[in-house]
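780 is the number of the first residue of the sequence shown in the numbering used here; add one for each residue after it. No residue lacks a Cβ here, since even glycine has one placed at the ideal position from N, Cα and C. Since the structure is predicted, the reported quantities are computational estimates derived from the model, not experimental observations.
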Amino acid sequence: MNKEIYEALVVGNTSLASRKKIIQQVSNAGALIETLVDFTFDPKIKVNVLASIVLDDLLQANPFLLDPYIELFIRQLPQVEDESVKRLTSKMAIVLVEKRGNLLDATLEEAILDQCLVWLTSETKVATESNAMHIIMRLAPKFPEQAKLIGELIEVRFHEKTPAYQSKARKLLQKIKKLER
C-alpha cells in the first residue's frame, strides 16, 4: 500500500478544494494511478470512495491516465459493491469507451457490456443505470444482438422505473430500434 496516498486520502474529504489539495499532495507519489485503482476496488480500504472520486477527477482531466490499467480496471468492475464507487466507476467506464475505445478489444468491450447488464438488472441507483445505458448506446453498433436483448429487458422493467431512468431508456431504445432497421 502506498502510505503517502493513503494518508492524504484519510485526512481529505469529497469537497472540490480537498480533492485538489489531495491531487497536489500526491501528484508526485509513485504509482499514483495504480494505487488509486487498487484503493477504488478494495472495499476493505476505508478510503475507497474518496480514491474513486480522485481517480475520476484525474481521468476526466486526462483520459490517458488509465491506459496501462484498462484491463485491470474493467476486470474489477464486478467487485464493486458501494453505490458511490459503482456510480464513479461506471462514469469512468464511459470515458474508456468514448475516449480510449481504440485500446479496447472485443473481449474487454464485452466485459463492459456484461457489467452494464448487471448494473441494469441489479438494485443499483439511477445514475449508474444511466451510465450503463450510455455505454450500451456507444457499444450497440458493435454488439447489436446483445443490445437488442438488453433493450427487451429495459422495456419489461420500464414502467416500474423512475422518470430519470425512463428518459435515458427511451434514448437507448430508439438507438437500438435504428440498428434493427
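Own chain partners of residue i with C-beta closer than 6 angstroms, once the 5 adjacent residues on each side are dropped
{"i": "residue 867", "result": "831 and 835"}
{"i": "residue 859", "result": "865 and 868"}
{"i": "residue 863", "result": "828"}
Rounded C-alpha distance that separates residue i from residue j
{"i": "residue 888", "j": "residue 782", "result": "34 angstroms"}
{"i": "residue 789", "j": "residue 826", "result": "6 angstroms"}
{"i": "residue 807", "j": "residue 895", "result": "34 angstroms"}
{"i": "residue 940", "j": "residue 821", "result": "30 angstroms"}
{"i": "residue 853", "j": "residue 842", "result": "15 angstroms"}
{"i": "residue 916", "j": "residue 785", "result": "36 angstroms"}
{"i": "residue 881", "j": "residue 875", "result": "9 angstroms"}
{"i": "residue 861", "j": "residue 824", "result": "12 angstroms"}
{"i": "residue 948", "j": "residue 837", "result": "29 angstroms"}
{"i": "residue 944", "j": "residue 846", "result": "31 angstroms"}
{"i": "residue 925", "j": "residue 844", "result": "29 angstroms"}
{"i": "residue 798", "j": "residue 833", "result": "6 angstroms"}
{"i": "residue 952", "j": "residue 857", "result": "25 angstroms"}
{"i": "residue 934", "j": "residue 942", "result": "14 angstroms"}
{"i": "residue 779", "j": "residue 960", "result": "Absent from the structure is residue 779, since the part of the chain shown begins at 780 and ends at 960."}
{"i": "residue 877", "j": "residue 909", "result": "15 angstroms"}
{"i": "residue 928", "j": "residue 804", "result": "46 angstroms"}
{"i": "residue 904", "j": "residue 886", "result": "26 angstroms"}
{"i": "residue 839", "j": "residue 871", "result": "8 angstroms"}
{"i": "residue 787", "j": "residue 950", "result": "41 angstroms"}
{"i": "residue 907", "j": "residue 809", "result": "31 angstroms"}
Enclosing alpha helix (DSSP H) for residue i [first to last residue]
{"i": "residue 814", "result": "811-819"}
{"i": "residue 784", "result": "782-790"}
{"i": "residue 866", "result": "862-878"}
{"i": "residue 805", "result": "795-805"}
{"i": "residue 828", "result": "827-840"}
{"i": "residue 855", "result": "849-855"}
Residues near residue i by beta carbon distance below 8 angstroms, same chain, minus five either side
{"i": "residue 848", "result": "812, 813 and 816"}
{"i": "residue 931", "result": "none"}
{"i": "residue 922", "result": "888, 889 and 892"}
Spatial neighbours of residue i in its chain, beta-carbon cut-off 7 angstroms, leaving aside the 5 residues before and after
{"i": "residue 920", "result": "958"}
{"i": "residue 793", "result": "829 and 832"}
>> Just to confirm the assignment: which complete alpha helix (DSSP H) runs, minimum length 4, are found wholly within the region 898-941?
In response: Secondary structure in the region 898-941: the alpha helix (DSSP H) runs of 4 residues or longer, each lying completely within the stretch, are 905-918 and 923-936 in chain order.
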